[in-house]
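Asker: My structure is below; once you've seen it, I'll send some questions.
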Amino acid sequence: MRGNPLWPYLATIVKIVDETPDVKTFRVVLDDPGARENFRHRPGQVALLSVFGQGEATISISSSPARRDYLEFSVRRVGRLTGVLHQFEEGYKIGVRGPYGNGFPLEELRGRDLLFVGGGIGLAPLRSLINYVLDRRDDFGSVEIIYGARSVADLCFKEELFKVWPKAPGVRVYTTIDRPEYGWDGHVGLVPAYLAELAPAGAGKCALICGPPIMIRLALQELARLGFSPERIVTTLELKMKCGIGKCGRCNIGSTMVCTEGPVFSLARLQALPPEY
Amino acid sequence: MSVTTPTAGTISRPDLARLLAGPAADGRLVAPVRTAPGVVLFAPVRDPGALTLEYVNSTVSPKGCLFPQSEKILGWRGGGPKLDLYSPPEPQPLVLFGVRPCDLRAITVLEPVFGGGYPDPYWRRRRELTTVVGLGCTEPGPYCFCVAWGISPVAAPEADLMLTPVDPGYLVQSQSPKGEELLRRSGVSLQAAGTEPAVLRERRTAELTARFRRLIDPTGVEAAAERLFDHPYWRELARRCLGCGICTYVCPTCHCFNVIDRTAPDGSGGRYRCWDSCLFERFTLQASGHNPRPTRAERLRNRLLHKLSYHRSRYGLEGCTGCGRCVAACPVNIDITEVVADLKGMMT
Amino acid sequence: MLFQRLLEYVGVAPERLQVRWISGSEGQKFAAAVGELAARLQNLKPDARLRDEP
Amino acid sequence: MKEITLNLRARAMELLAGGRVDLVIGYGTGSLPEFVRPVFVDRPERAEELIFNPLCAQNLTKYILDYRDQPGRVAVVVKGCDSRSINQMMADGQLDREKVFLLGINCPGLADPVLLSVAAGRRDWQVEAEPEGFRLRWPGGERLLPRDEFLMYRCRTCEHHNPVVSDVLLGDPILQGETPDRFAEVRRIESLTPEERAAYWDALFARCLRCYACRNACPACTCRECIFDRPEPEWVARVVAPQSNLAYHLVRAMHVAGRCVDCGECDRVCPVAIPLREINRKILKELAVLFGAPTPGTSHPAPEPLATFAVTDPEVWL
């Protein structure tokens, strides 16, 4: 039933990567070639994954739009649907609906130096943008990535984090874990503290931040102290969404529907919204 | 909905039964039925005599005919690697009789929600298949305040066929091809209307407006709501709220829904769209455990502000049509007209 | 007991609910009880009121 | 009932001014004369908002749970039927009796708003209790209605005009007299054939909106997380359908079995007037037959029929 925004495209799981004990990245390919053709997403957009029998969940698309032949979703096991999804094997069918949401403001980021601040699974939406930036390296300035997780095992996308991104031109990656661990000689400490320690210059730079609400709140204070202007601090909100198309009335902050007018908001815009997120 | 040259005329009371006899016979008529003392519900009616005309308005709005409380939106068979989807059966064409102007306006209020950027095919299909017969009011109800939103109690463009009670029968105005089709198929002929329909409606609206028990002036409430978002008024108001879904489920303009999957033992199943209520605790609860609206105060504020402010700022249309059902049904007397007066009062 | 009477009250055949007191060591009694329940249910036609339709 | 209102206000002002309680939960006038609503008085000067009239039907005891984890004491107005909820909530371990001050009211019986609207032929009226009956006034009319014809359904079989537990009594005790048969309607339904019973309840549950007002208003429904809210596991389908509506009401009845104090709130709040209480009353009748149990909450501490075992218990299925 085409032209039905609530009707998911059927997709097949072609590859499953165990990122961490509770995060898996599912690479899926839409079955219908026509659907594959017109499923164009921007970094930071979300899709609603259907696990038939459990329902739908809003997951950010973590693969770069430049890589057109598949989509990747990094899913943390937090509840009923994600629990069942984590038992799925390659070849299984799921549903994909979207892409929804506004995605990162690429026009404002073009030509600027970028600072990515990520925590835990929060790296998933940022990864889509990082890989997009690396696929169009000359369009963007320097790239700094500050990323942390509870432990080494909880670091997502280790392949890219340690092998791919550090080798890319003009990219510096700073990784930290919360508590010291045997065999880890990198930085130890929370992301906001590490951010304060590194003290990247804020003028003219855009900061993109995703992670647990507590990390975002503390990091925002640091970024403000480092001279990042609220217009150029961007984050994504993780509100509950059941339709993704602005009808089910669930993801609103005041009169703003996060699924259609977000989930990416600049700090300036967030501060203008009523405190209800 | 293209409006052809409106044909108008009067019919007698027995004609009304003849008008509805066809649809009733083949089980396509939905009309108000008195199901219990103090309870009138829209229900399928096989014999036109079973419907009631002695009602101010139904207890639950007729919204369910266009946006059902539980609607199967897709089904699937199989599972794992082999799975295919199938569409739900076509909805049945209906004649929805006895819809008051406040509920007719609610259709316009919901149109941008279910139309808009991602047009909803289920709502669209039911709109196409449903012939709506409006019935003008003869008496304002104790809790009605439709005129406060500029709605006339006897006129509404959304109706395919608009009936206005005039002794001894009804003034009938066909306002769409579907309306004309219903008239033609029923064989009821229209006598010449005594007075010009528009003139009659004008007079009747003025007459009725004077007889409303209380009238509110909602102008400025949107700005008040914006400014008073953090005011303790909401927490105080919500102390007595039960957090149930009555006000949202009887309301003609509430459109929030949940999407729920149901599985049969063999793994096949269906996906349902069901009404949901922003008053319920889990409505905005996230898998992480965080809830942007953790207590009844935030939820009650969200429901009331959606009606009085958000709907207008998103779609340029009032979110409330003044039917008064939530005022009548709330077990603890949370009265939206009182909230409007309070909010404006706090601004002066 | 209570639930059986409640089922009866709303028009559900009471024999659809069977309760037995069987200890872990009484295997045959358990098998017999289940067999008896199945037999009783055979001649009851399916009750659409008790089956969710997916 | 006028002197009850005056006593109530005086006592509330005294409790608040003296710091004995931080909040008084009572009844107040609504947005229109035919409405009454719960009010939460937190300052002595607001005490005159408190009233008591023939429409004060809400069972206010459940609101105590909202203040259970906060410091300070709460006073609540309780009629006879409401006071049974206090005993039951104590038996359920939901209530710290020290933190609650009970303003008991000897209630002669309340008026049924639906019947009053029928009598007035409209819904905008006022009602006052008078010794001979209910004085009904509406714009352009007035009638004195005989009490027992316009009593609320629950009051016609009232077991406790006088509260079973209270810290103070705000009216003069009322002679209880012999309680009429509370299970007449249950017996009528039982007398139907199974098919008729099935059809009777199916027709009622077909109009259930699953708005959960009956659960949210019920003082016996005090689970922190209700099974009907949890999607995992979905014991009862959240999709509104005849099967899940039937399951919802049966499961809820069983969950409050032996704890429902027959206060009638589920009946009153139902927006589509389903006589829900006849399900709970069926269970109350069976409890009386099987265990000789009185209406829960009649006294405290008292053996709870479903929570205690006695050798004399019938063993139908052994």
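Line order of the protein sequences matches chains A, B, C and D. Read in order, the letters of the first sequence correspond to residues 578 to 854 in our numbering. Read in order, the letters of the second sequence correspond to residues 66 to 413 in our numbering. Read in order, the letters of the third sequence correspond to residues 20 to 73 in our numbering. Read in order, the letters of the fourth sequence correspond to residues 633 to 950 in our numbering. Glycine residues also receive a C-beta, built at the ideal position from the N, C-alpha and C atoms.
Tell whether a beta-carbon distance below 8 Å holds between Leu711 of chain A and Leu785 of chain A.
Answerer: Not in contact: Leu711 of chain A and Leu785 of chain A (Cβ atoms no closer than 8 Å).
Asker: Give me the chain A residues within the contact set of Gly182 of chain B, using Cβ-Cβ distance strictly less than 9 Å, ordered along the chain.
Answerer: Pro582, Ile822, Gly823 and Thr837, listed in chain order.
Asker: Which residue comes first and which comes last in the beta strand (DSSP E) that contains Ala679 of chain D?
Answerer: Counting along the chain, Ala679 of chain D falls outside any beta strand (DSSP E), and DSSP gives it neither H nor E.
Asker: Short check: CB of Gln622 of chain A to CB of Gly672 of chain A, under 8 Å?
Answerer: No, the pair does not count as a contact, with Cβ atoms beyond the cut-off.
Asker: In terms of residue numbering, what span does the alpha helix (DSSP H) encompassing Phe650 of chain A cover?
Answerer: Counting along the chain, Phe650 of chain A falls outside any alpha helix (DSSP H), though it belongs to the beta strand (DSSP E) covering Leu648 to Arg653.
Asker: Measuring CB atoms only, is the stretch 749 to 763 of chain D touching the stretch 713 to 723 of chain D, in the sense that at least three cross pairs come out at less than 8 Å?
Answerer: As far as the Cβ criterion goes, the stretch 749 to 763 of chain D does not touch the stretch 713 to 723 of chain D, which means the pair count is below three.
Asker: Would you kindly work out how many angstroms separate the C-alpha atoms of Val68 of chain B and Cys853 of chain D, rounded to a whole number?
Answerer: Bear in mind that the predicted position of Val68 of chain B carries a pLDDT of just 43, short of 50, making it too unreliable to give a figure here.
Asker: Is the separation between the beta-carbon of Ser333 of chain B and that of Arg189 of chain B shorter than 8 Å?
Answerer: Contact flag unset, no.
Asker: Can you tell me where the beta strand (DSSP E) with Thr635 of chain A in it begins and where it stops?
Answerer: That run of the beta strand (DSSP E) goes Gly632 to Ser637.
Asker: By the three-class DSSP mapping on this structure, what secondary structure does Ala221 of chain B have?
Answerer: It is coil, neither helix nor strand.
Asker: Quick check on Glu864 of chain D - is its C-beta less than 8 Å from some C-beta in chain A?
Answerer: Interface residue, yes.
Asker: With a cut-off of 8 Å, does the C-beta of Pro640 of chain D fall near any C-beta of chain C?
Answerer: It should be noted that the sequence gives Leu, not Pro, for residue 640 of chain D. No, because no Cβ of chain C sits closer than 8 Å to the Cβ of Leu640 of chain D.
Asker: So Gly839 of chain A and Gly675 of chain A are supposed to be a Cβ contact under 8 Å. How far apart are they, rounded?
Answerer: Incorrect: roughly 14 Å between the Cβ atoms, too far for contact.
Asker: Hey, which unbroken runs of the beta strand (DSSP E) at 3 residues or more fall wholly within the stretch 83 to 114 of chain B?
Answerer: If we require 3 residues or more, the beta strand (DSSP E) runs fully inside the stretch 83 to 114 of chain B come out as 94 to 101 and 104 to 109.
Asker: With a threshold of 8 Å between beta carbons, is Pro186 of chain B in contact with chain A?
Answerer: At least one chain A Cβ lies under 8 Å of Pro186 of chain B.
Asker: Note down, in chain order, every chain B residue with its Cβ under 9 Å from the Cβ of Leu908 of chain D.
Answerer: The contacting residues do not exist; Leu908 of chain D stays about 13 Å from chain B at best.
Asker: Output the boundary residues of the alpha helix (DSSP H) element that contains Trp299 of chain B.
Answerer: Run containing Trp299 of chain B: Tyr298 to Ala303, per the alpha helix (DSSP H) assignment.
Asker: Can you check whether the C-beta of Ala644 of chain D is within less than 8 Å of a C-beta belonging to chain B?
Answerer: Chain B, which has no Cβ nearer than 8 Å to the Cβ of Ala644 of chain D, makes this no.
Asker: Which residues in chain D have a C-beta closer than 8 Å to the C-beta of Arg657 of chain A? List them in chain order.
Answerer: Going along chain D in sequence order, the residues near Arg657 of chain A (Cβ under 8 Å) are Pro863 and Glu864.
Asker: Comparing the C-beta of Ser663 of chain D with each C-beta of chain B, is any distance below 8 Å?
Answerer: Answer yes: the Cβ-Cβ gap between Ser663 of chain D and chain B drops below 8 Å somewhere.
Asker: Based on Cα-Cα distance, which residue from A:Val594, A:Ala776 and A:Ser627 lies nearest to Leu607 of chain A?
Answerer: If we check each option's Cα against that of Leu607 of chain A, A:Ser627 comes out closest.
Asker: Quick one: which chain D residues come within Cβ less than 8 Å of Arg68 of chain C?
Answerer: Going along chain D in sequence order, the residues near Arg68 of chain C (Cβ under 8 Å) are Ala830, Asp834, Pro874, Gln875 and Leu878.
Asker: Check each residue of the stretch 289 to 300 of chain B: if its Cβ is closer than 9 Å to any Cβ of chain D, include it; give the result in chain order.
Answerer: Result list empty, no residue passes.
Asker: Any idea what DSSP makes of Asn738 of chain D, helix, strand or coil?
Answerer: Coil, per DSSP.
Asker: Could you tell me the distance, in whole angstroms, from the CA atom of Asn639 of chain D to the CA atom of Val104 of chain B?
Answerer: For Asn639 of chain D and Val104 of chain B, the distance between alpha carbons rounds to 37 Å.
Asker: Are any of the Cβ atoms in chain B nearer than 8 Å to that of Asn848 of chain D?
Answerer: Yes, because at least one Cβ of chain B sits closer than 8 Å to the Cβ of Asn848 of chain D.
Asker: Output yes if chain B places a C-beta closer than 8 Å to the C-beta of Arg625 of chain D; else output no.
Answerer: The shown model of chain D, from 633 to 950, leaves out residue 625 of chain D, and the question about it has no answer.
Asker: Quick check: the Cα distance between Asp225 of chain B and Arg775 of chain D, rounded to an integer number of angstroms?
Answerer: Going from the Cα of Asp225 of chain B to the Cα of Arg775 of chain D covers about 44 Å.
Asker: Can you tell which of D:Ala879, D:Asn794 and D:Arg755 has its C-alpha closest to the C-alpha of Glu866 of chain D?
Answerer: The shortest C-alpha separation from Glu866 of chain D is found at D:Ala879.
Asker: May I ask which residues mark the beginning and end of the alpha helix (DSSP H) holding Thr659 of chain A?
Answerer: Counting along the chain, the alpha helix (DSSP H) containing Thr659 of chain A begins and ends at Arg657 to Leu662.
Asker: What whole-angstrom Cβ distance do Cys843 of chain D and Ile311 of chain B have, given they're in contact under 8 Å?
Answerer: Confirmed, about 5 Å.
Asker: So Val178 of chain B contacts chain A; which residues on that side make the cut at Cβ distance below 7 Å?
Answerer: The contacting residues are Lys824.
Asker: Flag Glu403 of chain B as yes if its beta-carbon sits less than 8 Å from any beta-carbon of chain D, otherwise no.
Answerer: Cβ-Cβ to chain D under 8 Å: yes for Glu403 of chain B.
Asker: For Arg35 of chain C, would you say it is in contact with chain D, using Cβ-to-Cβ distances shorter than 8 Å as the test?
Answerer: Cβ-Cβ to chain D under 8 Å: no for Arg35 of chain C.
Asker: Less than 8 Å between C-beta atoms, sequence neighbours within five positions excluded: which residues of the same chain meet that for Leu36 of chain C?
Answerer: Taken in chain order, the residues that qualify are Phe22, Gln23 and Leu26.
Asker: Below 7 Å on C-beta distance, what does Gly630 of chain A contact in chain B?
Answerer: Per Cβ cutoff of 7 Å: Asp326, Thr328 and Gly334.
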